[in-house]
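A.B. asks: Chains as they are written, first to last, in this note's numbering: chain A, 786 to 1021; chain B, 5 to 238.
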Amino acid sequence: MIVLATALLYLASIFYYPLFLIALSLQGSYILWRGLSLERLPLVGVHDTLLFLSFSTVLFSLPITKFLNREKRPFLQAVALLVFAFSGASVLSPAVNTPLPPVLRTYWFELHVVLSFLSYALFGLAAVLGAVGLLKNFTEVEPIQYRIILTGYLLFSLSMIFGGIWAYLAWGTYWLWTPKEIWTTLLWLTYTLYLHFRLMQGWKGRVSITIGVLGYAVVLFTYLGVGLLMKSSHSF
Amino acid sequence: MWRVLKSIKTASLLTGMLLLLMLYGGFSMPSEEAFNSINNTPLFKWLSETPLHISWWLWASVVVIVLLVVNTIVCTADAIIKITTKTGLLLRISAQIIHISFCFLMLGHLLSSIGSYHAFFVIPKGGILKVNEYTNIHFKELQYKTLSGYITDIQAILLLNEGNKVQEKAIAPNRPLFLEGLGLYLKDFTLFPEEKILIELSHEPGAPWALLGAILFTGGTVSLVLLKLKDRRI
């Protein structure tokens, strides 16, 4: 009920901004309540991860708006639409209420997952900002999009490193050839390519903004597509 | 040749090629049974035993990665040689540390692709696993905790016999036991009808290099991001 209400509040915030902050508070409280009642990090399963992704996306969007001028309103509206989709989808997915299996009871897992979703949130915001910039012809968003992606790239790289350490302690190898690892590498390569393209003459501007938008398709497939369609070491 | 090898265009082209190869691999891997054994065999051994029509994208990825490492080394060397002023030194050094860390990470993967070892053993309660000529392991018992019918914590108690010395040791998920370069991992277990554990003996010769690469990468990236976020010229 709370999850559905939050999703609808995000949708309504497209027309009335204060609802955006109310939805954020409600969602944050719900995540906190889940964590306290489960006595663990509520980040197992699609339901909880979608909510955390939605919450992180909104949370990160707030400081970004300080750097925006005429793009601010369309940016926040697009973010609201995105997080409505995430929050709405989480309603459809049942919550996992079981205790964590022993292999997930480690700080490496927590760091790996939290950083992954924080980076996904930043990549999402970079894509939203880029899309707004391209549609409304606000190419001045490019340096802001770059900073968001760079920060997301750092968090995502750290998440991969912590995941590798965890895998070494849990499975005896820091790398497994599974679709999830391949797609994670693909995602990392996509943004590595973005960072290198941007240094090349003539690529900074509409082209780099477009890559920043398209990269998010890889993020979504890595997160949802691989988990739902392919078998991997990330199914517990 | 130097100009081509140090070029960022070459780096982008190779990264793009690797991306496309991985994209193909990401879709083809789940549909090929041959990939079921890839994680239990050193990569190059697996590649040599697998038909080319299945493994071609991995061979091609290896070639592209080798070229990318050469490109990274040349680009880094060129950038370091050209450092003449202290202006923006930390930013430039940070980028080069990231490049060097990538080479260490790839060195780790190379060593593991050649010399990794993974073997699996099912041991019933009371059973013995001979690790080498002088060392064996006796599986004493499983100790576990449950919550609402779910196992939340489990460890296997082992008696490690090294010649005349016998020590009690415990292994658990995320808590392996390391013996002379070999890791002993508790991979699975059954409680009924009798206690059994699935042990993996694992050796990853590339792990220390990968860890070194990871530490350097973290340092370089954190420094670069902090400097870039402050830079108003972006």
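Beta carbons are placed, not taken as given, at the ideal position from N, Cα and C, and that holds for glycine. No experiment lies behind these values; they were computed from the predicted model shown.
Just to confirm, is the Cβ distance from Ile161 of chain B to Ala176 of chain B under 8 Å?
C.D. replies: The answer is no: Cβ separation not under 8 Å.
A.B. asks: Looking at the secondary structure, which residues open and close the beta strand (DSSP E) in which Gly187 of chain B lies?
C.D. replies: Taken as a continuous stretch (DSSP letters only), the beta strand (DSSP E) holding Gly187 of chain B covers Leu186 to Thr194.
A.B. asks: Under a CB-based cut-off of 8 Å, is Asp157 of chain B close to chain A?
C.D. replies: For Asp157 of chain B, the answer is yes, since a Cβ of chain A falls inside 8 Å of its Cβ.
A.B. asks: Taking 7 Å as the limit between beta carbons, can you name the residues of its chain near Gly813 of chain A, skipping five residues before and five after?
C.D. replies: Around Gly813 of chain A: Phe840.
A.B. asks: Taking 8 Å as the cut-off, decide whether the C-beta atoms of Pro827 of chain A and Thr156 of chain B are in contact.
C.D. replies: Not a contact, by the Cβ cut-off of 8 Å.
A.B. asks: Mapping DSSP to helix, strand and coil, what is Arg991 of chain A?
C.D. replies: Looking at Arg991 of chain A - three-state DSSP - the assignment turns out to be helix.
A.B. asks: Give the secondary structure of Phe827 of chain A by DSSP, where H, G and I count as helix, E and B as strand, and everything else as coil.
C.D. replies: Note on identity: in this sequence residue 827 of chain A is Pro, with Phe being the wrong assignment. Residue state, collapsed to three classes: coil.
A.B. asks: On the CB-based measure, 16 or more other CB atoms within 10 Å of its CB, does Ile158 of chain B come out buried or exposed?
C.D. replies: Answer is buried; the Cβ neighbour count reaches 16.
A.B. asks: Considering only the alpha carbon of each residue, which of B:Ile118, B:Leu133 and B:Gly119 lies closest to Phe125 of chain B?
C.D. replies: For the residues B:Ile118, B:Leu133 and B:Gly119, the minimum Cα distance to Phe125 of chain B belongs to B:Leu133.
A.B. asks: Three or more beta-carbon pairs under 8 Å between the segment 176 to 190 of chain B and the segment 53 to 72 of chain B, yes or no?
C.D. replies: The segment 176 to 190 of chain B is not in contact with the segment 53 to 72 of chain B.
A.B. asks: Taking just the CA atoms, how far does Trp63 of chain B sit from Val229 of chain B?
C.D. replies: Going from the Cα of Val229 of chain B to the Cα of Trp63 of chain B covers about 34 Å.
A.B. asks: Can you list, in chain order, the stretches of the beta strand (DSSP E) that have 3 or more residues and sit fully within the segment 131 to 191 of chain B?
C.D. replies: Counting only runs of 3 or more, we get 132 to 134, 139 to 151, 154 to 166, 169 to 175 and 181 to 183.
A.B. asks: According to DSSP, Val126 of chain B sits in a beta bridge with which residue or residues?
C.D. replies: For Val126 of chain B, which the question treats as bridged, DSSP gives the partners B:Leu202.
A.B. asks: Leaving out the 5 sequence neighbours to the left and right, which residues in its chain are closer than 8 Å to Thr755 of chain A when beta-carbon positions are compared?
C.D. replies: Lying outside 786 to 1021, the shown extent of chain A, residue 755 of chain A is not represented and no answer is given.
A.B. asks: Taking only beta carbons into account, state which residues of the segment 878 to 893 of chain A come closer than 8 Å to chain B, listed in chain order.
C.D. replies: Hits within the stretch, in order: Thr883, Pro884, Leu885, Pro886, Pro887, Val888, Arg890, Thr891 and Trp893.
A.B. asks: Nearest chain B C-beta to Tyr1008 of chain A closer than 8 Å, yes or no?
C.D. replies: So no, Tyr1008 of chain A is outside the interface.
A.B. asks: Look at the alpha carbon of Ala797 of chain A and the alpha carbon of Leu804 of chain A, and state the distance between them as a whole number of angstroms.
C.D. replies: Cα to Cα, Ala797 of chain A sits roughly 7 Å from Leu804 of chain A.
A.B. asks: Name the residues in the segment 960 to 990 of chain A whose C-beta lies less than 8 Å from a C-beta of chain B; which are they?
C.D. replies: Answer in chain order: Trp960, Leu961, Trp962, Thr963, Pro964, Ile967, Trp968, Thr970, Leu971, Leu974, Thr975, Thr977, Leu978, His981, Phe982, Leu984 and Met985.
A.B. asks: Mind pulling the alpha helix (DSSP H) runs of 4 or more residues that sit fully within the segment 52 to 128 of chain B?
C.D. replies: Runs of the alpha helix (DSSP H) inside the segment 52 to 128 of chain B: 56 to 85 and 93 to 119.
A.B. asks: What are the residues that DSSP puts in a beta bridge with His207 of chain B?
C.D. replies: DSSP output for His207 of chain B lists B:Tyr121 as bridge partner(s).
A.B. asks: Quick one: what does DSSP say Leu961 of chain A is sitting in, helix, strand or coil?
C.D. replies: DSSP places Leu961 of chain A in coil when its eight states are reduced to three.
A.B. asks: Helix, strand or coil for Gln812 of chain A? Go by DSSP, reduced to three states.
C.D. replies: Gln812 of chain A falls in the helix class under three-state DSSP.
A.B. asks: Alpha carbons only, please: which of A:Ser944, A:Asn854 and A:Ala906 is nearest the one belonging to His897 of chain A?
C.D. replies: Among A:Ser944, A:Asn854 and A:Ala906, the Cα nearest to that of His897 of chain A belongs to A:Ser944.
A.B. asks: Out of B:Phe193, B:Gly119, B:Cys79 and B:Val170, which one is the CA nearest neighbour of Trp239 of chain B?
C.D. replies: Past the edges of chain B, shown from 5 to 238, lies residue 239 of chain B, and the structure says nothing about it.
A.B. asks: Hey, could you find the ends of the alpha helix (DSSP H) Thr883 of chain A is sitting in?
C.D. replies: That residue, Thr883 of chain A, is in no alpha helix (DSSP H); it is neither H nor E in DSSP.
A.B. asks: Step through the CB atoms of chain B and report whether any lies within less than 8 Å of the CB of Gly997 of chain A.
C.D. replies: Not one chain B Cβ lies under 8 Å of Gly997 of chain A.
A.B. asks: Classify His57 of chain B: buried if its beta carbon has 16 or more other beta carbons within 10 angstroms, exposed otherwise.
C.D. replies: Per the 10 Å Cβ criterion, exposed.
A.B. asks: Can you list, in chain order, the residues of its chain with a C-beta nearer than 6 Å to that of Val899 of chain A? Leave out the 5 residues immediately preceding and following it.
C.D. replies: Answer for Val899 of chain A: no residue qualifies.
A.B. asks: Does DSSP put Thr842 of chain A in a helix, a strand or coil?
C.D. replies: Correct three-state label for Thr842 of chain A: helix.
A.B. asks: In chain A, which residues lie with their C-beta within 8 Å of the C-beta of Gly224 of chain B?
C.D. replies: Ordered by position in chain A, no residue passes the 8 Å Cβ test against Gly224 of chain B, which lies about 10 Å from the chain.
A.B. asks: Does the beta-carbon distance from Ala15 of chain B to Gly949 of chain A come in below 8 Å?
C.D. replies: No, they are not a contact pair.
A.B. asks: Taking 8 Å as the CB-CB cut-off, is Ala912 of chain A touching chain B?
C.D. replies: By this cut-off, Ala912 of chain A is not an interface position.
A.B. asks: Name the chain A residues whose beta carbon is nearer than 8 Å to that of Ile42 of chain B?
C.D. replies: The answer, in chain order, is Trp962.
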